[in-house]
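> Residue numbers (the working numbering), protein chains in the order written: chain A, 112 to 444; chain B, 112 to 444.
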């Protein structure tokens, strides 16, 4: 069957395609809530102390490498938005997604995009509860994620001296993946894992579940989407009396990226500290509580907090300062 | 002082400008919630039975006529999004706004845009609690509005036979305004009110407050952003046994638009029924309860529901069918 451009269908049919798929997977007994998903706004029944919300917009030229399929683009907008909910120690429950779609997008690309969105919602156990469709020259996906939390919500302001600093997984792979794509070196099987970290990022939901179950483990949680150095800078701004000591040799990474960095004349440290697009969590941990549950947690300890009020990197036994920089939109230099 | 392009400042400074303004107007005693506004996600303390959420994306070429100032664009994204909360009979409380900004936007345009956003938030009594800033070739503003509701939330599915049909204000002015702009006839003072309806739309918040106070008045509420005919079509789809009889002569409009329609060789009915961009509410009302409170409500009665299952227009005593069409994105023809 010949594929169509979505401009042959129009906004209403496109919404119907998406909602029919979504509705077939809905598992909600409250008819008011079900009906609300086709009304002016969605209802959420409140059952927690707090509702947690965050929004992130992805625009094709900045956030979707051309190697990324429509399915993967759909997955990414869900992952990027749910990431901020996990960073509050909250349980993600739902998402709204507004889209700007190019009229030259084909129907099968649209189907893939929406399948990617819905599959990732299922993976994270959340429901797509709202959205909007518009026309734009390039693809724009703007999500708003919603979660629930109780008094164990984790803000970035409560870090204590003597906490362990941890990350939930490897750093630097998305940075290396972008260089591999630039070198057009994506067919090498050894690099599959690296490329996947950029094109199909996913969140550490098992770790998050344990952190919610034992809220005494973490003193703060944040995501690392702007790079480890920038995020440490934010934590330092919010906890001016706390120092952050990072052991360079403890930073976890996929060994393949060492070679990629060499071939690209890049310093491995750039990949690990300053790139971002990482969908791991950066944690500060109560040492005793972490020890009690560490067997259930897939966390790499990379440092420790102290009373210095500074961010320092210990590399080959020597102390270095970390430059607090990462990617920034709308910045000329 | 020479104006700057926002690309000379970068995302972080732009966010800081907005948040400094927002923070100076924050009036919240809960420090957890205040802190959360600078964290990964915003906390909302749950105090109602339901949280109500909706999202709408505005893109420059579709939604912002070039005559619209940056301040008015900021106002519009708030109005468009809050509209859906009022349409649920919910009380609007907060909003998140993601922006795609052209790098050639000047700092003073950005200041105007954010002032427009914050002034409209203040007008509606809501708080800006989240957002994201990206670079895009044209202006994109994507909002997610949040409100609170109890069991008196109004879905579109509970319309009864014998209800009155009402609208909260004049129809057709935004359609006429677009034609005036097309004719470049915007300097005529007589047309100021019409132009304003397009460039500075606002919501009937006083009417909404009375409807929330006396929830027995309305059996359904929806907004008319896609045009009266299309919205009646939605209500008819959701209430297949109900008929909607509209009295053409009762449709409220600013008399100035009659002349505009003539000069543009347009049928007035097109303006009143099929254009949209209207930020009024379409209501079905319990006749007795409405009569009891009508002095407090600024509502125009335009029809009545019956058991015909059809949408009919009574014009000069004769029955006509209404074609259920309005504006649609991503539609070629």
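The beta carbon of each residue, even a glycine, is placed where N, CA and C say it ideally should be.
Closer than 6 Å by C-beta to residue 363(B): which residues in its own chain qualify, once you throw out the five before and the five after it? Chain order, please.
Only 281, 411 meet the Cβ criterion.
> Which two residues bound the contiguous alpha helix (DSSP H) that contains residue 115(A)?
No alpha helix (DSSP H) holds residue 115(A); DSSP gives it neither H nor E.
> Which stretch, first to last residue, makes up the beta strand (DSSP E) that contains residue 323(A)?
Taken as a continuous stretch (DSSP letters only), residue 323(A) belongs to no beta strand (DSSP E), being part of the alpha helix (DSSP H) at 316-324.
> Using C-beta distances below 6 Å, list every residue in its chain close to residue 311(A), excluding the 5 sequence neighbours before and after it, in chain order.
Around residue 311(A): 183.
> Quick one: list the residues of chain B neighbouring residue 244(A), beta-carbon separation under 8 Å, in chain order.
Simply 440, 441.
> Taking three-plus beta-carbon pairs below 8 Å as touching, is the segment 165-185 of chain B in contact with the segment 123-132 of chain B?
Counting Cβ pairs under 8 Å, fewer than three are found: no touch.
> To the nearest angstrom, how far is the alpha carbon of residue 143(A) from that of residue 161(B)?
Roughly 11 Å between the two C-alpha positions.
> Using a C-beta to C-beta distance shorter than 7 Å, which residues of chain B count as neighbours of residue 212(A)?
By Cβ distance, chain B contributes 441.
> Give the DSSP-derived three-state secondary structure of residue 354(A) in the structure shown.
DSSP places residue 354(A) in strand when its eight states are reduced to three.
> Can you find the residues in the same chain that come closer than 7 Å, C-beta to C-beta, to residue 277(B), ignoring five residues on each side of it along the sequence?
Excluding positions up to five away in sequence, the list reads 394, 396, 410, 411, 412, 413.
> Between residue 208(B) and residue 247(A), is the Cβ-Cβ spacing less than 8 Å?
Not closer than 8 Å, so no.
> Quick check on residue 399(A): buried or exposed, where buried means 16 or more other Cβ atoms within 10 Å of its Cβ?
Exposed: under 16 other Cβ atoms inside 10 Å.
> Buried or exposed for residue 272(A), going by 16 or more other Cβ atoms inside 10 Å?
When all chains shown are included, residue 272(A) counts as exposed.
> Give every residue of the same chain whose Cβ lies closer than 7 Å to the Cβ of residue 316(A), excluding the five residues on either side of it in the sequence, and list them in chain order.
Within the same chain, residue 316(A) has close Cβ partners 235.
> Please tell me whether residue 329(B) has its Cβ less than 8 Å away from any Cβ of chain A.
So no, residue 329(B) is outside the interface.
> To the nearest whole angstrom, what separates the beta carbons of residue 439(B) and residue 121(A), a pair I think is in contact under 8 Å?
Right, the Cβ-Cβ distance comes to about 5 Å (below 8 Å), so this counts as a contact.
> Taking only the alpha-carbon atoms, compute the straight-line gap between residue 197(B) and residue 263(B) and give it to the nearest angstrom.
Computed Cα separation, rounded: 12 Å.
> Quick one: is residue 353(A) near chain B, going by C-beta distance under 8 Å?
By this cut-off, residue 353(A) is not an interface position.
> Check whether the Cβ of residue 286(A) lies closer than 8 Å to any Cβ atom in chain B.
Not an interface residue.
> In the DSSP output, which residue or residues are listed as bridge partners for residue 452(A)?
The displayed coordinates of chain A run from 112 to 444. Any statement about residue 452(A) would go beyond what the structure contains.
> Is it a yes or a no for the segment 347-358 of chain B touching the segment 371-379 of chain B, going by three-plus beta-carbon pairs under 8 Å?
Verdict: no, contact absent.
> Using 8 Å for Cβ pairs, my map puts residue 218(A) next to residue 117(A). What's the rounded Cβ distance?
Right, the Cβ-Cβ distance comes to about 6 Å (below 8 Å), so this counts as a contact.
> Counting only C-beta atoms, is residue 276(A) closer than 8 Å to chain B at any point?
Output row for residue 276(A): interface = no.
> What are the boundary residues of the beta strand (DSSP E) that residue 332(A) is part of?
Run containing residue 332(A): 329-334, per the beta strand (DSSP E) assignment.
> How would you call residue 231(B), buried or exposed, if buried means at least 16 neighbouring beta carbons within 10 angstroms?
The residue in question, residue 231(B), is buried, as its Cβ has 16 or more Cβ neighbours within 10 Å.
> Suppose contacts are defined by Cβ-Cβ distances below 8 Å. Is residue 294(A) in contact with residue 388(A) by that definition?
It is not a contact, given that the beta carbons lie outside the stated cut-off.
> Check whether the Cβ atoms of residue 179(A) and residue 258(A) sit closer than 8 Å, and answer yes or no.
Cβ atoms of residue 179(A) and residue 258(A): not closer than 8 Å.
> Between the segment 419-436 of chain A and the segment 324-341 of chain A, are three or more C-beta pairs nearer than 8 Å?
As far as the Cβ criterion goes, the segment 419-436 of chain A touches the segment 324-341 of chain A, which means the pair count is three or higher.
> Given a cut-off of 8 Å, decide if residue 368(A) and residue 284(A) are closer than it, judged by their beta-carbon atoms.
Yes, the Cβ-Cβ distance between residue 284(A) and residue 368(A) is below 8 Å.
> What does the Cβ neighbour count give for residue 204(B), buried or exposed, with the cut at 16 atoms within 10 Å?
So residue 204(B) counts as buried.
> I want to see whether chain B comes within less than 8 Å of residue 339(A), judged by CB atoms only; does it?
No, no contact with chain B.
> Could you name the residues of chain B that residue 232(A) contacts, counting a contact when the two beta carbons are closer than 8 Å?
Going along chain B, no residue has its Cβ under 8 Å from residue 232(A), so there is no contact; the nearest lies around 15 Å.
> Specify, as a first and last residue, the run of the alpha helix (DSSP H) that residue 193(A) falls within.
Taken as a continuous stretch (DSSP letters only), the alpha helix (DSSP H) holding residue 193(A) covers 181-197.
> Kindly list the residues whose CB is nearer than 8 Å to the CB of residue 226(B), restricted to its own chain and excluding five residues on each side of it in sequence; keep chain order.
Excluding positions up to five away in sequence, the list reads 132, 182, 185.
> Could you give the DSSP three-state label for residue 399(B): helix, strand or coil?
Here residue 399(B) sits in helix by DSSP.
> Report the three-state DSSP secondary structure of residue 162(B) (helix, strand or coil).
Residue 162(B): strand per DSSP, three-state reduction.
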